[in-house]
Amino acid sequence: MQQPLTARRSSAISGRVTVPGDKSISHRALILAGLATGATRIDGLLEAEDVLATARAMEALGASVSREGDAFEVIGQGVGGLSPPESVLDFGNSGTASRLMLGVLAGCPWRVSLTGDESLCQRPMKRVLRPLSEMGLLVENDKDTLPLTVTGTDDLLPIVYELPVPSAQVKSAVLLAGLNAPGKTTVIEPLPTRDHTERMLRYFGAEIDVEAGKDNSRAITVTGEAELHGTHVVVPGDPSSAAFLVAAALICPGSDLVIANVLLNPTRTGFLRTLREMGADIEILNQRDSAGEPVGDLRVRSSALKGVRVAPERAPSMIDEYPILAALAAFAKGETRMEGLGELKVKESDRLAATAAGLAACGVAARIEGEDLIVTGASTVPGGGSVETQLDHRIAMSFLTLGLAAEDPVVVDDIGMIATSFPNFVTLMSSLGARLG
Ligand code: S3P
């Protein structure tokens, strides 16, 4: 059953808050902890449906995952020490969980079936199946989408693989498979994508080598038959969740908001860089290192924004932030041109189309030209429309945020999927002054 919600024009979004743990790091912490020997304590794990899908999959493969007070404890089985699951692995809405776990399953010599929800079952899997098959994974039926049945092997081949699309999920799947292959497995990425897998593999004791090439490219090599050791992981706040709060503070007049302990890994900060170019008043305070990742506090005050061009090379560092950037662009003076958004078409929904449709429903001038999205801002945004979420959490949160500063209320048809990444979004936003109900 769908759960609609309405966002109404709000006054200042102010206060000091934290956002839930980073989704990408949470998936990886559970996976690497399950592949390590001994116990790992995870503080700040994101307890949202996507991450719980990874936790359930790792448990089905023999790792133990339990809550210990505010933290999680994972007892790993060692690389090569997992056991066959008793039933189908269901990854719900999570592309990251399914693709990363395919990398793990490549090194497990059993037949396993994987499935997901209606959105996940439409998303491309060949991007991971292709390199994993080269390494030795057998895939039944020549299909690009879940449900799928695969058989891994304890005799994987190490490969050198150049990513055809800038995808951290594909990179991570190959590196995770490489843990089980004898020798060195290398992934070459033409543009840097989020590097949490490399950082965390090193943190758990794997041998990882990163070589910078020309034009920003990188070659990441993992030495296989690795031994990972249980450790203590601290998951910082998710910048992709913080993005909605940042946006709300920028467009609601009189706002002054501090979001503490946000991940500031440079492969994830494209949104902040773009906002600054748009004239946003954002200060980064208290920068520090937290268990191998840079973090800091963000202070955001309402700002008059101007439209900018966002180059395609920036896309990997803000790939999940385009819907909320497009919502912000509606309030910016002039045109915002977001280029090279082809990858948005294969997210939880076709986000390029869903974002353009949502903007149109809210009376915003927006058009798609090839793989570019162009939004023309205005001093007032009409709102008054109903937005289709299409099983996509970020579409829901982006248009609820837009509705906080639009003239007329904005209705989002279903907020159910928000639980996949940011379960307390509505209560947190409401506690800061957002009128959602
Ligand atoms: C993720 C990588 C990105 C991103 C997704 C999380 C990850 O996907 O959109 O939300 O944790 O590796 P792609 O790797 O497909 O770009």
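Heads up: the sequence shown at position 388 corresponds to 386 in this note's numbering, and the numbers run straight through without jumps.
Ideal Cβ placement from N, Cα and C applies to all residues, glycine included.
Please read all numbers here as calculations on a predicted model, not as lab measurements.
* Asked: Should Glu71 be counted as a contact of the ligand S3P given a C-beta to heavy atom distance under 7 Å?
  -> no
* Asked: DSSP three-state call for Phe70: helix, strand or coil?
  -> strand
* Assigned exposure category for Pro2 - 16 Cβ within 10 Å defines buried -> exposed
* Select from Arg6, Met427, His25, Gly383 the residue whose C-alpha is nearest the C-alpha of Met198. => His25
* Just to confirm, does His391 get its C-beta within under 7 Å of one of the non-hydrogen atoms of the ligand S3P? -> no
* Indicate whether Ser170 and Thr195 have their beta-carbon atoms separated by less than 8 Å. => yes
* Lys141 by DSSP, collapsed to three states: which one? -> coil
* Check whether the Cβ of Gly114 sits closer than 7 Å to any heavy atom of the ligand S3P, and report yes or no. => no
* Lys182, enclosing beta strand (DSSP E) - first and last residue -> 182 to 187
* Considering Leu255, what are the terminal residues of the beta strand (DSSP E) in which it resides? -> 254 to 261
* Asked: For Thr387, which residues of its own chain have a beta-carbon under 7 Å away from its beta-carbon, when the five flanking residues on both sides are left out?
  -> Ile393, Ala394, Val410, Asp411, Asp412, Met415
* **Sufficient close CB pairs (3 or more, under 8 Å) joining the segment 288 to 300 to the segment 315 to 323** => no
* To do: Inspect the beta-carbon positions of Ala31 and Ile23 and report whether they are closer than 8 Å.
  => no
* Among residues of its own chain, excluding the 5 on either side of Ala358, which ones have a beta-carbon nearer than 7 Å to its beta-carbon? -> Ala364
* **Every unbroken alpha helix (DSSP H) within the segment 171 to 222, with a cutoff of 4 residues, ordered by chain** => 194 to 201
* To which residues of the same chain is Gly203 closer than 7 Å at the C-beta, ignoring the five residues directly before and after it? -> Glu225, Leu226, His227
* Same chain, Cβ closer than 7 Å to Arg109, five either side skipped, listed in chain order -> Thr147, Thr149
* To do: Would you give the residue range spanned by the beta strand (DSSP E) that Val447 belongs to?
  => Outside the displayed span of the chain (-1 to 435) sits residue 447, for which this structure offers no information.
* Inspect the beta-carbon positions of Leu371 and Ala352 and report whether they are closer than 8 Å. => no
* Asked: DSSP three-state call for Gln1: helix, strand or coil?
  -> coil
* To do: Could you tell me if the beta carbon of Lys345 falls within a distance shorter than 7 Å of some heavy atom in the ligand S3P?
  => yes
* Helix or strand or just coil, what does DSSP make of Met336? -> strand
* For Leu426, the first and last residue of its enclosing beta strand (DSSP E) -> Leu426 -> not in any beta strand (DSSP E); alpha helix (DSSP H) instead, spanning 423 to 429.
* Asked: When you compare only the Cα positions, how much space is there between Asp142 and Ala53?
  -> 24 Å
* Asked: To which residues does DSSP link Glu281 through a beta bridge?
  -> Arg297
* Which residue spans inside the segment 35 to 114 form an unbroken alpha helix (DSSP H) run of at least 4? -> 47 to 58, 93 to 103
* Quick one: Cα of Thr229 to Cα of Gly76, how far? -> 13 Å
* Cβ pair count under 8 Å reaching 3, the segment 255 to 271 against the segment 10 to 19 -> yes
* To do: Indicate whether Glu138 and Ile157 have their beta-carbon atoms separated by less than 8 Å.
  => no
* Residues in its own chain within less than 6 Å of Gly60 by CB, not counting five upstream and five downstream? -> Gln75, Leu80, Ser81
* Buried versus exposed call for Ser85 [16 or more other C-beta atoms within 10 Å across all chains shown] -> exposed
* To do: For Glu47, count neighbouring Cβ atoms within 10 angstroms of its own Cβ and tell me buried if that reaches 16, exposed if not.
  => buried
* To do: Take every Cβ of the segment 179 to 190, pair it with every Cβ of the segment 213 to 225, and state whether three or more of those distances are shorter than 8 Å.
  => yes
* If you run the structure through DSSP and keep just helix, strand and coil, what is Asp406? -> strand
* Run through DSSP, which three-state label would Ile11 get? -> coil
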